[in-house]
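Chains H and X, in that order, give the protein sequences.
For the first sequence, counting from 1, position 105 maps to 801 in the numbering used here; every step adds exactly one.
For the second sequence, counting from 1, position 162 maps to 858 in the numbering used here; every step adds exactly one.
Step one of this worksheet: look at the structure below.
Protein chains: 2
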Amino acid sequence: MSPGAGTPAPSPAAPGPAAAVLISPIGAPPRLVDPHEAHVSLEDQGLTRGDGVFETLHVLDGTAYKLDAHLVRLGHSAGTAQLPAPSADAWREALATALAAAGPGARDPSADLGAEHTVKLSISRGVPGDQPWAWLTVAPVPKRTFAARRTGVSVVLLERGHDPAEDTGLPWLLPGVKTLSYAVNMAAVRYAHAHGAQDAVFMTSTDHRILEGATSSVVCARHDDGAAPTLLTPEPSRGVLPGTSQARIFDAARERGWAVDYGPLYPEDLFAASAVWLTSSVRLAVPVTSVDGRPVASDPQLTRTLTDFLLGRPGR
Amino acid sequence: MSPGAGTPAPSPAAPGPAAAVLISPIGAPPRLVDPHEAHVSLEDQGLTRGDGVFETLHVLDGTAYKLDAHLVRLGHSAGTAQLPAPSADAWREALATALAAAGPGARDPSADLGAEHTVKLSISRGVPGDQPWAWLTVAPVPKRTFAARRTGVSVVLLERGHDPAEDTGLPWLLPGVKTLSYAVNMAAVRYAHAHGAQDAVFMTSTDHRILEGATSSVVCARHDDGAAPTLLTPEPSRGVLPGTSQARIFDAARERGWAVDYGPLYPEDLFAASAVWLTSSVRLAVPVTSVDGRPVASDPQLTRTLTDFLLGRPGR
């Protein structure tokens, strides 16, 4: 293990892509390209306007997790943004091509689940007057993700300025669309780092209702009667991006007979919880260790169970 | 004049860049590159996260207008987004290099002001682990801009979902920063086109207070006493991007002894106005001909005067 891997660095470089495939224009056969070469024009509207959509997904030992859920959400994003999307078959072919060309995945040193890759699927509107295009990149999961899984993360609560539920029903605001326009999400994470925390969770400005992490969903557990936990997450219909990992965890919990509940959640609910996690495809379920500098409870056994839910493994 | 130039097409292709200069990394000497080649990585955070800032400016007969104001706003954007910015000297050198390499500008067939170029200055955070970089592109002003100046544009009012004033004081929301994350602005323009209009103006969802155009400021004129007009624009401190063109127009109007006023403006104020414009650097002052399908007044003489204000010419 490299020195300092025990404490996630504030902003380490992610490893570059190990393989990249272009689908350009959309409808063309997936084409393996050198990930270290430039492929994008200075006039591409994905670059100049953040005008595109994406998904990030997790590959373990060559198998993509929740691929259908990601393709459904990508299709919704592209449709709302009036972008074409490659077919599921084209994405599957692109993924297989990229994985075959990529190096081995990275292994989590503290919980070796297998060889892990991060995969990004993106669609850009392209150069004005030209056609939209798509690309897929594969990279080993970065060490900081493994560190976060092991040590958990401290988070700060940041006001979102407005309730994103106000965007519902206004399609020009692209509600629920995972666009390439993520500058605010990235700024929130930088703000967290600059203030001694490792990640950011948004809340409404008015009543401080918990919304979502900057690039994750928020899930917490409550043990009302000491028996099975109740899992909670903020109401997904209220302008929060519906998390594919949160949904998978809740589906598995329901199958096990656990209660699940959809907020509203407030900061005091996080402090009263028996555990709090940020969930997303590659990080899986990362325990939150503190909120605004104040410790929150954690439950390593339940973290392992949620990870099993995500990986479709029999519960430990 | 090409066929159909009298009616702006909904979404015509802009001409590609005539010249491009990279400043990569920031601090390196500006370097002329082929604008038709790819220069950007699939992993560039300007592309994958809309994580960067930009300015668009107008060059007429080789002279950049409001260059200092644009560099000040770009510096503010970069500073708030924690990005480095090239020095003013580096940008001036990049601009001179690109203009020398670019073809002739385009001429507005109905109001030949000279040879006109659109210039974009952009900064991206770059590939993770690598350094931020900047670029400048020069292109002839597109015909649709000339058409809009001549015929004016119809606009739809679109709810912004929230009052952007709520973002003030929350730096992680990048208030007042002109980021590359413009997906919503572009979606608003597409929505306008799909609904028979040519551009979009945002208003608050709650009280329908006018905010700004999707990529422009809103300015209107009122003739209270039939003498000099009063120019009005929405209060710039309330989360609206401060427009360099609006500011230049108001400065010149004040010098001429006209009254200027900063909202609040509501839809009824647009219908009561003696003229309404969308203002931005390259389009200059484009008359609004209708709002939500209902005609608004225009004043061709005053449009010419505002254009003169923007170009620093003696009033006609």
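C-beta atoms are modelled at their ideal positions from N, C-alpha and C, and glycine is treated no differently.
Check, Outcome
"Three-way DSSP call (helix, strand, coil) for H/THR833 in this model", "strand"
"Neighbour flag for X/TRP831 against chain H, beta carbons, 8 Å", "yes"
"Whether X/ARG769 touches X/GLU751 by CB criterion (8 Å)", "yes"
"Residue from X/LEU980, X/VAL717 and X/ALA734 with nearest C-alpha to X/LYS816", "X/VAL717"
"Endpoints, the alpha helix (DSSP H) within which H/TRP787 is located", "784 to 797"
"Partners in chain X for H/ALA774, counting only beta-carbon separations shorter than 9 Å", "Within chain X, no residue comes near H/ALA774; the closest Cβ sits about 12 Å away, beyond 9 Å."
"Min CB distance X/SER698 to chain H below 8 Å", "Here the model assigns X/SER698 a pLDDT of 33, short of 50, so the residue's position is not dependable, and the following value carries that caveat. So, not an interface residue."
"Within chain X, the residues that H/THR793 reaches when beta carbons sit closer than 8 Å", "Correct list: empty, because the minimum Cβ distance to chain X is about 15 Å."
"Among H/ALA802, H/GLY989 and H/ALA884, the one whose alpha carbon lies nearest that of X/LEU870", "H/ALA884"
"CA-to-CA distance, X/GLY939 to X/GLY723, given in whole angstroms", "28 Å"
"Residues, ordered as in the chain, of the region 735 to 746 of chain X that lie near chain H by beta-carbon distance below 9 Å", "HIS735, VAL736, SER737, LEU738, GLU739, ASP740, GLN741, GLY742, LEU743, THR744, ARG745 and GLY746"
"C-alpha gap between H/THR900 and H/GLY857, whole angstroms", "7 Å"
"Residue from H/GLY825, H/ARG950, H/PRO780 and H/ARG979 whose Cα sits closest to the Cα of H/VAL914", "H/ARG979"
"Below-8 Å beta-carbon distance, X/ASP863 vs any chain H residue", "yes"
"Whole-angstrom C-beta distance between X/THR744 and H/SER818, which should lie under 8 Å", "7 Å"
"Contact with chain X by H/GLN778, beta-carbon distance below 8 Å", "yes"
"Contact list for H/HIS858 against chain C, beta-carbon separation under 8 Å", "Going by chain labels, chain C is absent from the structure shown, which instead holds the protein chains H and X."
"Same chain, Cβ closer than 7 Å to H/GLY1008, neighbours up to 5 away in sequence not counted", "none"
"Minimum C-alpha distance to X/VAL851 - residue among X/VAL987, X/PHE1005 and X/VAL972", "X/VAL987"
"7 Å Cβ shell around X/ALA784 - same chain, five flanking residues per side excluded", "LEU767"
"Neighbouring residues, chain H, relative to X/MET882 (Cβ below 7 Å)", "ARG745 and ASP747"
"Contact between the region 830 to 849 of chain X and the region 758 to 767 of chain X (3+ Cβ pairs under 8 Å)", "no"
"Where X/LYS762 sits in the DSSP three-state scheme", "coil"
"Contact with chain X by H/TRP868, beta-carbon distance below 8 Å", "yes"
"Below-8 Å beta-carbon distance, X/GLY712 vs any chain H residue", "yes"
"Three-pair Cβ contact test at 8 Å for the region 873 to 889 of chain H versus the region 872 to 888 of chain X", "yes"
"C-alpha gap between X/ARG803 and X/GLY758, whole angstroms", "13 Å"
"7 Å Cβ cut-off: residues of chain H touching X/ALA716", "LEU738"
"Backbone secondary structure at X/HIS813 - three-state DSSP", "strand"
"Interface residues of chain H facing X/ARG886 [CB-CB closer than 8 Å]", "GLN778 and TRP868"
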